[in-house]
Amino acid sequence: MAFVQNFPFFCIILSMFSAIISFVMNGRIAKYIHVAMVTAVLILSLATLSFVAGTGESYTFMMGHFPAPWGNEIRIGELEALMAVFFSLIMMLSVFGGMAHIDREVQDSKKNLFYILLDLLMASLLALIYTNDLFTAYVFIEINTIAACGLIMIKKQGRTYVSALRYMIMSLVGSGLFLIGLTLLYSITGHLLMSPAKEALDQIIAVHSYQVPLMVIIILVTVGLGIKSGLYPFHTWIPDAYGYTTPSASAILSSLVSKGYIFLLIKIFYRVLGFDSIISSHMVNILFAFGVIGMIMGSVAAIKERNIRRMTAYSSVAQIGYIYMGLGLGTTAGVVAAVFHIISHGVMKSLLFLSISGLTEVSDGRSDYLSLRGAGLRNRIAGAAFTVGSLSMIGMPLLTGFISKYLFASAATTAGNKMITAWVVLAISTVLNTMYFMRTVLTLYRPVSAEVHKEYTLEKSKIERAAIIGLILLNIGLGVASQPVIKAIEAGLAMFG
Amino acid sequence: MDINNYFLIFPVLLPIFAGVLLMFLKFGKREHMQLYILAILIVDLASVGWIALQPEDTLTLSQFFIAEGLHVFFHVDMLSKIFSVLTAFVWLMVGIASFEYMAHEKNEQRFYCFYLVVGGVLSALAFSGNLLTMYVFYELMTLTSMPLVMHNLSHEAIMAGLKYLFYSVAGAFMVLFGFFLFNAEGRVLYFSPGGIINEANPPGIMLFAVFLMIVGFGTKAGMFPMHGWLPTAHPVAPAPASAVLSGVITKAGVLGIIRSVYYVAGPDMIKGTWVQYTWIILSILTIFMGSMMAYKEKVLKKRLAYSTVSQVSYILFGLSVMQPVAFVGALMHVIFHSLVKNTLFVSAGAIICKTGKTKVRQLVGIGKEMPVTMWCFTLVSLTLVGIPPTSAFVSKWYLISGALDSGVPGLSWIGPIVLLISALLTAGYLLTISIKAFLPGEDYNYAKLVNHEPTWRMLMPMIVMTALAVILGIWPAGLMKIFADIAASVL
């Protein structure tokens, strides 16, 4: 066994231990620990990715050398490693991009707590990505929820408590449903590890027994994770949760936390339930329908919204709709598009949320349209970042959003009778996206008379600007050279099967 | 095809970089900035001209891949050469004329920044060798030309800019739709004369794809039912911007239609189907409606905008009958209308910046105040109406005789009749301005006459373009031979 194969395990343990150590440290040191941890995770994940891509096959890693069915396993393939790379990269850039805000907005006594929550979040995301054990997945879903709740209310203001509570209730409903599904699965298969569970299920499906429980399992697991990731009818917690917390937390919540659940869902579809039985159970059609409705309704809600942060949060609802629409196409190409959009949306949304903080800061801290007039002229770099993010969202060529849209549309071509629906909705949603994002961009560049806004002396935080520029470059880079990423996703999905 | 000619991206990148650089440069005097812009525009024209003189088989650049199946590919054929030279020439002319006009607008530097960038994007659009590349630069063109429309940032300007954007995005997505439908068939969409698909009795979905592309690109060309942005965007934009929007950017839509119909789908596939008939009917409707609206319109620039709606549809009509002679006529009309409309808008701009008059009824006697400007205006109006021996006469002659030969049932007669009626209306809405301008009537007060003539910087481009518009009509043979070659290769 090569030494590199230990790296994913190191990553999980490293992030958990940094959380534990940070309990006894003050905020500043906790920050350094967090940064060092994320950097290390990024490097280790890159090494894992190149190793897995080199060997071309996945491997399972047993914890403590207990073989299945007793032991706990993680499984590493190209897709998992790729996700880990992107998640840690986005985490790093989001934290850097809001560093000065964290220092300002979070109470000194709570600073180390903030970084502990981020460490835990990283650990749980990595575990959700890598785990081969359903119960471990459940445990880390709960850890993830708790950490996310903490991040939502870290500013300790009235509204953030309400939104955290709301998030907590919705999330617990979601994980409760997931747990019930898991229990049923365990009772009909007798396994919690993914591979043996799949084998048992294959036998069950072959003899056509337990058809109703299987259906219930599929529904419970899908709906549970759908609620947690903000699929359309269960999206009501999103705007509050993303809209009021500190910018780094908004960026991380919208681009990583919900995506971790979607990735887990894809993994369960492929590795446990079997994609064929998902298709034959018509669950894909339901996902498709809700995804499509979400794409439209999210955008419509965003158009009605006058607060730019809540608007961007509603746009997340629409984008998650895209991802579920891709899954719902029921083809491998659709799943590739969905996974690519997980990455692509992460890159776009974190850029948007970080730039919004730069814009509100030069508008008396307000985030409604009227106050934001001319903000792009007062804070050039945030304005440019928001523009790039918006254009990418609309799907301008040479930016990552276009590649997503292209992948979705070409995946739809092979999806039979869903083709026309998918295209029409993509078209409508593009126009709706254009409406609210371009309206905002224009507002940002509309000059106002000098009296209305006094001169702002920005404390220009170099590290925030560097992170924002890094995210802009990432958007362009993914838009211009997406080929290796798409190849890696395809290879990774092939390893899943 | 494996030779990469990297010089092709020079006329694309030069104006784009120069434009972006302009955002950061500080000039002590306006003259320095103007010299800088002039130099860029001249170098751009020279490089495009140099490319146009090269043989076609050396002009390919196939180096960039965005993703699998997304290949950015440049190939310059005769059509690209003509479009790119026309664009660069008009850009230079209007650029020179705008130096004087822009003096009374704020934020000049921002205007020129986008002006240069759009110029570069248009070269790339002309050089595109496949549908994807074309789509990429088409979207970029929309995006970078939008700030030109809403330059003065008033409420109307912003609303007009948004309207322009929404129409264009909707149109572009229709194009993308068609693109995906073709892609779904597993076709490689590299332009080749006469079309790649080109099969008789195609499946209905393919015809639908072509139709979507025609309507989508037709948005930029101002074809009914997607023409709504034109009359809104033109009056609020600064005159040089409306000149290039009307003269060149609408032609980008035409180029898109030519590429998708004649170079991707293939005329044989469409001939005699509902797509062709609908297309002909839409363009005839647009011709008639545009002229009528122009005839009724009271605001000069809006009148010119409606005139563009109608005139660009002449071109579309010529393309839609799918007959070589009409095709030649359509391409000629691309050139002539571009020259004419730019002159008209530049002279309208001269009137606006020198006298502040925007309505048609205020223009009584203006010919006495600005004789050279109004002479140019009158000459190109005559051209546009199609009075021999000026240029648009030639193009309309070809359009009509081509249409009559095309053998499309019924429409081959109705089309020419509408063209003639529309020519009459064109005379009605353009020449009446000239008549009032030079013959103000008895109650005109000659004592109050002031000379408002703009300086040579504005007059020179007008005179050059007017001269070209007239001369090309007297000696069209050279151009015609080139266009006949193109027509022979695609039909």
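Going line by line, the protein sequences match chains A and B.
First residue of the first sequence: 1, per the working numbering; consecutive thereafter.
First residue of the second sequence: 1, per the working numbering; consecutive thereafter.
Every residue gets a Cβ at the ideal spot worked out from N, C-alpha and C, and that includes glycine.
Which of helix, strand or coil DSSP assigns to residue i
i, result
"B:I387", "coil"
"B:H155", "helix"
"A:R75", "strand"
"B:V321", "coil"
"B:S80", "helix"
"B:Q54", "coil"
"A:H516", "Beyond the ends of chain A as shown, which are 1 and 497, falls residue 516 of chain A; an answer cannot be given."
"B:H75", "strand"
"A:N144", "helix"
"A:D364", "coil"
"B:T432", "helix"
"B:M1", "Bear in mind that a pLDDT of 48 at B:M1, under 50, signals an unreliable position, so the number given afterwards is only what the model happens to contain. B:M1 falls in the coil class under three-state DSSP."
"B:S128", "strand"
"A:Y59", "strand"
"B:I66", "strand"
"A:T440", "helix"
"B:N201", "coil"
"A:L372", "coil"
Buried versus exposed call for residue i [16 or more other C-beta atoms within 10 Å across all chains shown]
i, result
"B:G402", "buried"
"A:K405", "buried"
"A:V24", "exposed"
"B:F211", "buried"
"A:N112", "buried"
"B:M1", "Below a pLDDT of 50, predicted positions are generally treated as unreliable, and B:M1, at 48, falls in that range; the measurement from the model is reported next regardless. When all chains shown are included, B:M1 counts as exposed."
"B:I3", "exposed"
"A:T39", "exposed"
"A:E490", "buried"
"A:K31", "buried"
"A:R271", "buried"
"B:A91", "It should be pointed out that residue 91 of chain B corresponds to Trp in this sequence rather than to Ala. Classification of B:W91: buried, given that the 10 Å Cβ count is 16 or more."
"A:P233", "exposed"
"A:E305", "buried"
"A:R309", "buried"
"A:Q203", "exposed"
Under 8 Å from the C-beta of residue i: neighbouring residues of chain B
i, result
"A:V431", "F166, V169, A170 and F173"
"A:W423", "F177 and F180"
"A:R446", "L153 and I158"
Under 8 Å from the C-beta of residue i: neighbouring residues of chain A
i, result
"B:Y135", "P397"
"B:S139", "Checking the sequence shown, residue 139 of chain B turns out to be Glu, not Ser. Under the 8 Å cutoff, chain A gives M396 and P397."
"B:L143", "L391 and M396"
Partners in chain B for residue i, counting only beta-carbon separations shorter than 9 Å
i, result
"A:V347", "None at all; the shortest Cβ gap to chain B is about 15 Å."
"A:T245", "What A:T245 touches in chain B: nothing, since even the nearest Cβ is about 32 Å away."
"A:T189", "Those do not exist, as A:T189 stays about 38 Å from chain B at its closest Cβ, beyond 9 Å."
Partners in chain B for residue i, counting only beta-carbon separations shorter than 7 Å
i, result
"A:Y322", "Simply none; closest approach about 15 Å."
"A:L14", "Near A:L14 there are no residues of chain B at all, since even the closest Cβ is about 34 Å away, more than 7 Å."
Interface residues of chain A facing residue i [CB-CB closer than 9 Å]
i, result
"B:I66", "P397, L398, F402, I403, Y406, G479, V480, A481, S482 and Q483"
Proximal chain A residues relative to residue i, where beta-carbon distance stays under 7 Å
i, result
"B:A241", "Simply none; closest approach about 17 Å."
Within chain E, the residues that residue i reaches when beta carbons sit closer than 8 Å
i, result
"B:N183", "Note that chain E does not occur in the displayed structure, where the protein chains are A and B."
The ligand GDP heavy atom lying under 7 Å from the CB of residue i
i, result
"B:K251", "Ligands are entirely absent from the displayed structure, and the ligand GDP is therefore not among its contents."
| Unbroken alpha helix (DSSP H) runs of length 4 or more, entirely within the stretch 274-300 of chain B: which are they? | The stretch 274-300 of chain B contains these whole alpha helix (DSSP H) runs: 274-296.
| field | Inter-stretch contact at 8 Å, needing at least 3 Cβ pairs: the stretch 50-63 of chain B / the stretch 30-39 of chain B | value | Touching, no, given that fewer than three Cβ pairs across the two stretches are closer than 8 Å.
| Given 8 Å as the limit, is there contact between the stretch 284-292 of chain A and the stretch 87-106 of chain A, that is, 3 or more CB pairs closer than that? | Too few Cβ pairs lie closer than 8 Å, so no.
| request: Please go through the stretch 93-140 of chain A and give each complete alpha helix (DSSP H) segment of 4 or more residues, from N-terminal end onward. | output: Runs of the alpha helix (DSSP H) inside the stretch 93-140 of chain A: 99-105 and 111-130.
| task | Return the chain-ordered ranges of every alpha helix (DSSP H) run that is complete within the stretch 307-383 of chain B and spans a minimum of 4 residues. | result | Within the stretch 307-383 of chain B, the complete alpha helix (DSSP H) segments at least 4 residues long are 324-355 and 366-369, listed from N- to C-terminus.
| task | Could I get the ranges of all uninterrupted alpha helix (DSSP H) runs contained in the stretch 219-290 of chain A, with 4 residues as the minimum, in chain order? | result | Whole alpha helix (DSSP H) segments, 4+ residues: 238-243, 247-252, 258-268 and 275-280.
| query | Taking contact to mean at least 3 C-beta pairs separated by less than 8 Å, is the stretch 204-222 of chain A in contact with the stretch 78-98 of chain A? | reply | No, the stretch 204-222 of chain A does not touch the stretch 78-98 of chain A.
| task | Evaluate the contact criterion for the stretch 261-271 of chain B versus the stretch 360-372 of chain B: three or more CB pairs, one atom per stretch, below 8 Å. | result | Too few Cβ pairs lie closer than 8 Å, so no.
| request: Please confirm if the stretch 193-210 of chain B is in contact with the stretch 235-255 of chain B, defined as three or more CB-CB distances below 8 Å between the two stretches. | output: Result no; under three Cβ-Cβ pairs closer than 8 Å.
| said: Would the stretch 113-124 of chain B count as touching the stretch 134-152 of chain B if we require 3 or more Cβ pairs under 8 Å? | reply: Three or more beta-carbon pairs drawn from the stretch 113-124 of chain B and the stretch 134-152 of chain B are found closer than 8 Å, and the two stretches are therefore classed as touching.
| field | Sufficient close CB pairs (3 or more, under 8 Å) joining the stretch 414-430 of chain B to the stretch 290-298 of chain B | value | Touching, yes.
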